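Novice: When we follow numbering that gives the first Met the number 0, the leftmost residue of the sequence shown carries the number 0, and every step to the right adds one.
Just so it is clear, CB atoms sit at the ideal spot from N, CA and C, and this is done for glycine as well.
This structure is a prediction, so every number in the text was calculated from the model and none was measured.
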Amino acid sequence: MIGADGTFSKEVRTTDVGMTVPGLVTLKAWLDCAKKPGESPPTTSADGSAVILVLKTHLDATIPNTTVAPGDSFDVFGNASSDYVEIVLLSPDGGNGTGMDGLYGTTIYTVPTFCNSTNYFNNFFYKKLKVDSDADNGNYTIIVLNPGRDKAYGDSSYTYIDSILDLDGEGPEPGVTDVSNKTQEEIAAIISDIIYATGSDDFMWIGNIVVV
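Put into structure tokens, the structure is as follows:
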């Protein structure tokens with residue numbers, strides 16, 4: 000349907016219109032065309048066109064270090080099909096511990112991604128993380144999260160994981176999970192349940208580093 004002002008719109012699923020492979024796809028439009036859906040396109044030149052980049056959703060991360068000393072730093076980097084990733088660091092003592100930033104046992108960083116002009120199919124991210132001198136010693140679980148195409152975690156409307164997790168236990172809002180007294184394994188399981196909820200398109204990567 001074309002509006003009185005000449006504008007039109009149509010929502011389609013990419014797989015329904017042949018956009019199944021990552022890459023550049025050209026959309027063409029013809030005015031006053033008698034063709035019907037499913038028929039071959041006109042042989043005449045299109046009246047207008049637009050180019051859309053189809054991306055494959057994914058998340059990859061790397062931690063070069065296996066150990067790090069208190070007061071030192073380490074790197075986390077990778078690529079993701081989103082505008083940002085979130086890096087969650089879980090103390091070996093869980094929510095009750097002292098995390099890498101010297102505060103709660105769960106530490107969360109939001110890291111923007113950037114596009115490399117030599118590879119349009121990946122958005123890269125990089126974060127140097129400082130270990131506070133008071134942080135707990137031991138094996139930290141590191142979780143990198145990508146909220147997917149809908150930019151919301153699981154079946155929620157939240158775009159940031161700290162909107163779902165209450166880190167300090169000072170009275171979460173309804174629907175927010177208090178993790179201040181949870182173990183490292185319990186917090187990781189809570190996040191996993193969110194990411195892999197039915198219908199979710201989120202991604203999660205898990206790694207470890209030892210503070211010693």
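1. Quick check: what's the CA-CA separation for A60 versus A45?
2. Just grab the DSSP bridge partners of M203 for me.
3. Report the rounded CA-to-CA distance for T66 versus V130, giving the unit in angstroms.
4. Taking the alpha-carbon of E169 as reference, which of P146, L89, C32 and G94 has the nearest alpha-carbon?
5. Locate the beta strand (DSSP E) running through S155, then write down its first and last residues.
6. Kindly indicate which three-state DSSP category I186 falls into: helix, strand or coil?
7. On the DSSP bridge list, what partners appear for Y125?
8. Classify V26 as buried or exposed, calling it buried when 16 or more other Cβ atoms lie within 10 Å of its own Cβ.
9. So Y139 packs on L89, CB below 8 Å; how close in whole Å?
10. Since N136 and V84 should fall inside the 8 Å C-beta cutoff, what is the C-beta to C-beta distance between them, to a whole number of angstroms?
11. Thinking just about the alpha-carbon of each residue, which of P111, V50, W29 and A151 is nearest to the one in P40?
12. Measure the Cβ-Cβ separation of G147 and D200 and say whether it is below 8 Å.
13. Out of F113, D100 and I193, point me to the one whose CA is closest to S80's CA.
14. For the beta strand (DSSP E) holding D71, just list the boundary residues, first then last.
Specialist: Reading it off the structure:
1. For A60 and A45, the gap between their C-alpha atoms comes out near 43 Å.
2. Answer by DSSP bridge pairing, in chain order: L144.
3. If I take the Cα positions, the gap works out to 11 Å.
4. Comparing alpha carbon positions, the residue from P146, L89, C32 and G94 closest to E169 is G94.
5. That residue, S155, is in no beta strand (DSSP E); it is neither H nor E in DSSP.
6. In this structure, I186 counts as helix in the three-state DSSP scheme.
7. Answer is F76, bridged to Y125.
8. Residue identity differs from the one stated: residue 26 is Leu in this sequence, not Val. Exposed is the call here.
9. Distance from Y139 to L89 at the Cβ level is roughly 6 Å; contact confirmed, criterion being Cβ atoms closer than 8 Å.
10. That pair is no contact at about 26 Å.
11. Comparing Cα positions, the closest option is W29.
12. Going by C-beta atoms, G147 is nearer than 8 Å to D200.
13. Comparing C-alpha distances from S80 to each of F113, D100 and I193 shows the shortest one belongs to F113.
14. No beta strand (DSSP E) holds D71; DSSP gives it neither H nor E.
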